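First residue of the sequence shown? That's 340 in the numbering used here, and the numbers climb one at a time after it. Note that CB positions come from ideal geometry on N, CA and C, so glycine has one too. Note that the coordinates shown come from a computational prediction; the quantities given were computed from them, not determined experimentally.
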Amino acid sequence: MSEPSDSYTRHAAHFERVYDLDDPSPYFATLRRADYRMPMALVGALKAIHGPLCAARGAEETLRVLDFACGYGAIGAVLRHDVSMAALYDHYAARQWQPADARRYWADDIAFFSARRVETAAFDIGGVDIAGNALAYAAALGFVDRAFPENLVDDAPSGELARFLQGVHLVVESGALGVLLPDAFARVLDCAGSERPPWFLYSPRPDVNWTALHALWAEWGYRTESFLPAPVRYRKPLEAQEGADMLRRARGFGKPDEAIMQGGYFLVDMTLARPEADTDNPPIAQLRGRMVEESSG
Numbered sequence: 340m341s342e343p344s345d346s347y348t349r350h351a352a353h354f355e356r357v358y359d360l361d362d363p364s365p366y367f368a369t370l371r372r373a374d375y376r377m378p379m380a381l382v383g384a385l386k387a388i389h390g391p392l393c394a395a396r397g398a399e400e401t402l403r404v405l406d407f408a409c410g411y412g413a414i415g416a417v418l419r420h421d422v423s424m425a426a427l428y429d430h431y432a433a434r435q436w437q438p439a440d441a442r443r444y445w446a447d448d449i450a451f452f453s454a455r456r457v458e459t460a461a462f463d464i465g466g467v468d469i470a471g472n473a474l475a476y477a478a479a480l481g482f483v484d485r486a487f488p489e490n491l492v493d494d495a496p497s498g499e500l501a502r503f504l505q506g507v508h509l510v511v512e513s514g515a516l517g518v519l520l521p522d523a524f525a526r527v528l529d530c531a532g533s534e535r536p537p538w539f540l541y542s543p544r545p546d547v548n549w550t551a552l553h554a555l556w557a558e559w560g561y562r563t564e565s566f567l568p569a570p571v572r573y574r575k576p577l578e579a580q581e582g583a584d585m586l587r588r589a590r591g592f593g594k595p596d597e598a599i600m601q602g603g604y605f606l607v608d609m610t611l612a613r614p615e616a617d618t619d620n621p622p623i624a625q626l627r628g629r630m631v632e633e634s635s636g
């Protein structure tokens, strides 16, 4: 991966300041400025994958999912409640949280989301993240069922996480630094084993060198496919320099500007990685059709 620019470092540092607080309000305020929208797209894909993957793995009705770098659990929040990302932004913007408030609003949030809980296909979600406070919030709100405050990039999983990974069916990722994924996903695969390896649904940024991840897929006999026929709008740059830097880095990989940014939004190719034996069970076109049905329903 090319050396990060000043804007890349600046934005990473900004997100670190808001990523592991007792309250998610500052984090969602930052995302709102960028109109971050990936959880909505990923939830549609999760619903489309649920039935076919349960059938392929003999999982009856419950799909075990690892939400990698889940933070405050936005994917589970949208999946399990009648809320959109816009509704999340509005909810958290309605208060003026300060660090001294600590976990003051947790009870209010539990009531807010409990009133909006919806019946959905059964998911057993394990959240893993190095941000322990964010993860504790996600667990308290029911956005994840199990919380693993661990660093899968630098460390082997704990015994508890390793046991969870031995039965995991799907790994989902959105927003993690791309350089983290090869090592983390390799540890997931080592624990899951080769008998019933999981699927991976992730959002690869166009300005990252993915050679190491492609090598991992080849080593494990995986095939990658675009889950949707066109890239997904990921988010807007937080400032003009961030957009310029991303275009410059992606051009270094030979990618045209229109494949990187459109209408002021960064684009990502939401990608499904599956073992070769699973790629026709079902074909990607059928999964896309199921996603359209879920969205229209």
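Report task. Can you give me the Cβ contacts of THR348 inside the same chain, cut-off strictly under 6 Å, excluding the 5 residues immediately before and after it? Result -> Residue numbering aside, residue 348 sits at position 9 when the sequence shown is read from its first letter. In this prediction, THR348 has a pLDDT of 49, which is less than 50 and means its spatial position is unreliable; what the coordinates show is noted afterwards. Only residues of its own chain outside the window of five on either side were considered, and among them none has a CB closer than 6 Å to the CB of THR348.
Bounding residues of the alpha helix (DSSP H) (the contiguous stretch that carries ALA450): Locating residue 450 in the sequence shown gives position 111, where the first residue counts as 1. Taken as a continuous stretch (DSSP letters only), the alpha helix (DSSP H) holding ALA450 covers 445-453.
Proximal residues to LYS594 (C-beta, below 7 Å), its chain only, five neighbours per side dropped: Taking the first residue of the sequence shown as position 1, residue 594 is located at position 255. Cβ neighbours of LYS594 beyond the five flanking positions: PRO545.
- Message: Using the Cβ count rule (16 or more neighbours within 10 Å means buried), how would you classify GLY383?
- Response: In the sequence shown, the residue the question calls residue 383 occupies position 44. Around the CB of GLY383, 16 or more other CB atoms lie within 10 Å, so the residue is classed as buried.
Across the region 397-411 and the region 597-609, are there enough close Cβ pairs to call them in contact, namely three or more that are closer than 8 Å? As far as the Cβ criterion goes, the region 397-411 does not touch the region 597-609, which means the pair count is below three.
Leaving out five residues before and five after ALA460 in sequence, what residues of the same chain have Cβ atoms less than 6 Å from its Cβ?
-> Position 121 of the sequence shown holds residue 460. Here the set comprises HIS389.
Review point. With respect to the beta strand (DSSP E) encompassing ASP584, which residues constitute its N-terminal and C-terminal limits?
Key: The residue given as residue 584 occupies position 245 in the sequence shown. No beta strand (DSSP E) contains ASP584, which is instead part of the alpha helix (DSSP H) from 579-590.
- Task: Determine the direct distance from the alpha carbon of PHE503 to that of PHE524, and round the result to whole angstroms.
- Result: Taking the first residue of the sequence shown as 1, we reach residue 524 at position 185. Taking the first residue of the sequence shown as 1, we reach residue 503 at position 164. If I take the Cα positions, the gap works out to 14 Å.
Notebook entry, point to check: In whole angstroms, what separates the C-alpha of GLU489 from that of PRO622?
Noted result: In the sequence shown, the residue the question calls residue 489 occupies position 150. In the sequence shown, the residue the question calls residue 622 occupies position 283. Per the coordinates, the alpha-carbon of GLU489 lies some 34 Å from the alpha-carbon of PRO622.
With a CB to CB cut of under 7 Å and the five nearest residues on each side skipped, what residues in its chain are close to ALA531?
Position 192 of the sequence shown, counting from 1, holds the residue named residue 531. The residues are LEU504, GLN505, VAL507 and PRO537.
inquiry  = Please report the straight-line C-alpha distance between LEU528 and GLU581, rounded to a whole angstrom.
reply    = Taking the first residue of the sequence shown as position 1, residue 528 is located at position 189. Taking the first residue of the sequence shown as position 1, residue 581 is located at position 242. If I take the Cα positions, the gap works out to 33 Å.
Practice item. Check LEU615 in the structure and name its three-state DSSP category. Key: The residue you call residue 615 lines up with position 276 of the sequence shown. Note that residue 615 is Glu in the sequence shown here, rather than Leu. GLU615 falls in the helix class under three-state DSSP.
Q) Which class does ALA394 belong to by DSSP, given the choice of helix, strand or coil? A) Numbered from its first residue, the sequence shown carries residue 394 at position 55. Here ALA394 sits in helix by DSSP.
* Enumerate in chain order the residues of its own chain whose CB-to-CB distance from PHE566 is below 6 Å, with the five nearest sequence positions on each side excluded. => Here residue 566 refers to the residue found at position 227 of the sequence shown. The residues ALA384, MET609 and LEU611, in chain order, have a CB closer than 6 Å to that of PHE566 in the same chain once the five nearest residues on each side in sequence are set aside.
Quick one: using the 10 Å Cβ neighbour count with 16 as the cut-off for buried, is PRO438 buried or exposed? Residue mapping note: residue 438 aligns to position 99 of the sequence shown, counting from 1. The residue is exposed, with fewer than 16 neighbouring Cβ atoms inside 10 Å.
Answer yes if the region 408-416 comes into contact with the region 370-383, meaning at least three C-beta pairs across the two stretches below 8 Å, and no otherwise. Yes: the two stretches touch, three or more of their Cβ pairs being nearer than 8 Å.
- Query: Start and end of the alpha helix (DSSP H) containing SER364?
  - Reply: Locating residue 364 in the sequence shown gives position 25, where the first residue counts as 1. Looking at the DSSP string, the run of the alpha helix (DSSP H) that includes SER364 is 364-373.
Fill in: Best match in TYR366, ALA387, ALA569 and ALA470 for proximity to LEU427 [C-alpha to C-alpha]
The residue labelled residue 427 in the question sits at position 88 within the sequence shown. The option with the nearest alpha carbon to LEU427 is TYR366.
Next item on the list: Pick out whichever of MET424, ILE464 and ALA479 has its Cα sitting closest to the Cα of ASP448.
Entry: Here residue 448 refers to the residue found at position 109 when the sequence shown is read from its first residue. For ASP448, the closest C-alpha among the options MET424, ILE464 and ALA479 is that of ALA479.
Would DSSP call LEU381 helix, strand or coil? Within the sequence shown, residue 381 is the residue found at index 42, counting from 1. LEU381 falls in the helix class under three-state DSSP.
**Report entry** Segments assigned beta strand (DSSP E), at least 3 residues, entirely inside the region 487-512
**Finding:** Within the region 487-512, the complete beta strand (DSSP E) runs of at least 3 residues are 509-512.
*asked:* When you compare the CB positions of ARG526 and LEU491, do they come within less than 8 Å of one another, or not?
replied: Here residue 526 refers to the residue found at position 187 of the sequence shown. Here residue 491 refers to the residue found at position 152 of the sequence shown. A distance below 8 Å separates the beta carbons of ARG526 and LEU491.
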